Amino acid sequence: MKILNINLKTTLYFFIIFFGTSIFAYEKDQLVFLKIENFFKNLKTLEANFIQVGPTGDISNGKIYLDLPGKLRIDYEKPKNLLITSKGFWIVIQDRDNRSTNNIPVRSSPFSILLQDKSIFNNENFKIKLSITSGIISLEIKSKENDKLETLILEFSEKPFNLKKWIILDTFGEKTTVLIQDAKYNNNLSYLLFFPIDFPESTN
Numbered sequence: 030m031k032i033l034n035i036n037l038k039t040t041l042y043f044f045i046i047f048f049g050t051s052i053f054a055y056e057k058d059q060l061v062f063l064k065i066e067n068f069f070k071n072l073k074t075l076e077a078n079f080i081q082v083g084p085t086g087d088i089s090n091g092k093i094y095l096d097l098p099g100k101l102r103i104d105y106e107k108p109k110n111l112l113i114t115s116k117g118f119w120i121v122i123q124d125r126d127n128r129s130t131n132n133i134p135v136r137s138s139p140f141s142i143l144l145q146d147k148s149i150f151n152n153e154n155f156k157i158k159l160s161i162t163s164g165i166i167s168l169e170i171k172s173k174e175n176d177k178l179e180t181l182i183l184e185f186s187e188k189p190f191n192l193k194k195w196i197i198l199d200t201f202g203e204k205t206t207v208l209i210q211d212a213k214y215n216n217n218l219s220y221l222l223f224f225p226i227d228f229p230e231s232t233n
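Per the numbering used here, residue 30 is the first one in the sequence shown, and the count goes up by one each step.
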């Protein structure tokens, strides 16, 4: 009888520990989801410096502007000297040195997740995965319908809660990391920022 009581107490102890830990983890995840949801709900504009580390370790920097929904400007400094803009349906990529312009649909870009006027968590087009490690919150966002599209990973610091970087994984597993610095939120931004360059025609 004593052995039975000991086994019963042990079983109950592990039952409480296991399910108590699971409930606590679930509640923590829900609180984190709520923080991220509120962050994007309250995010109207963003102006920040960035450092980008490419798949081969190449480093570039510049400024990024968001005016939600729909508007984006990524302005690279030399030597890359690229300008990426969007006002809604198209991402316009321009090389200032070569005076060239390429257009891609927003929906085919990982930026579509940030630019859409929808909740990330209530968007039926994306799969969401959350992880928390050593005070860093990672939110992995993938297309449900098209595995060929890039994966976007947003990383937040837990205390204080801030967006620190995003990572783009292409279909070959190549990783591009963009670190956000000196971020300013919800200031008024000129709509002219989001227009592409109008390269004048050559007179030659």
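The beta carbon of each residue, even a glycine, is placed where N, CA and C say it ideally should be. Owing to the predicted nature of the structure, the values given are computational and were not obtained by experimental measurement.
Measure the CB-CB distance between residue i and residue j and report whether it falls below 8 Å.
i       : j       : result
Ile-197 : Pro-139 : yes
Pro-84  : Lys-193 : no
Ile-122 : Leu-208 : no
Leu-75  : Tyr-94  : yes
Leu-181 : Val-61  : no
Ile-226 : Leu-111 : no
Ala-77  : Lys-213 : yes
Asp-96  : Phe-224 : no
Lys-109 : Ser-129 : no
Ile-161 : Glu-184 : no
Arg-125 : Thr-114 : no
What's the call for residue i, buried or exposed, on a 16-neighbour Cβ count within 10 Å?
i       : result
Leu-144 : buried
Gly-91  : buried
Asn-216 : exposed
Glu-179 : buried
Gln-59  : exposed
Lys-100 : buried
Lys-171 : buried
Ile-157 : exposed
Tyr-220 : exposed
Can you tell me whether DSSP reads residue i as helix, strand or coil?
i       : result
Phe-62  : helix
Ile-52  : Its pLDDT being 46, under 50, Ile-52 is placed unreliably in this model, and the value from its coordinates should be taken loosely. Three-state DSSP puts Ile-52 in a helix.
Asp-141 : Sequence check: residue 141 is Ser here, not Asp. Helix at Ser-141.
Leu-192 : strand
Phe-185 : strand
Phe-155 : strand
Phe-221 : Here the sequence assigns Leu to residue 221, which means Phe is not the residue at that position. Helix.
Asp-227 : coil
Ile-46  : The pLDDT assigned to Ile-46 is 46, lower than 50, so where the model puts this residue is not dependable, and the model offers no usable value.
Meets three-Cβ-pair contact criterion under 8 Å: the segment 159 to 167 and the segment 115 to 130: Contact annotation: the segment 159 to 167 does not touch the segment 115 to 130, with fewer than three C-beta pairs closer than 8 Å.
What are the complete beta strand (DSSP E) segments, minimum 3 residues, inside the segment 64 to 120? Entirely contained in the segment 64 to 120, the beta strand (DSSP E) runs reaching 3 residues are, in chain order, 74 to 82, 88 to 96, 100 to 105 and 111 to 115.
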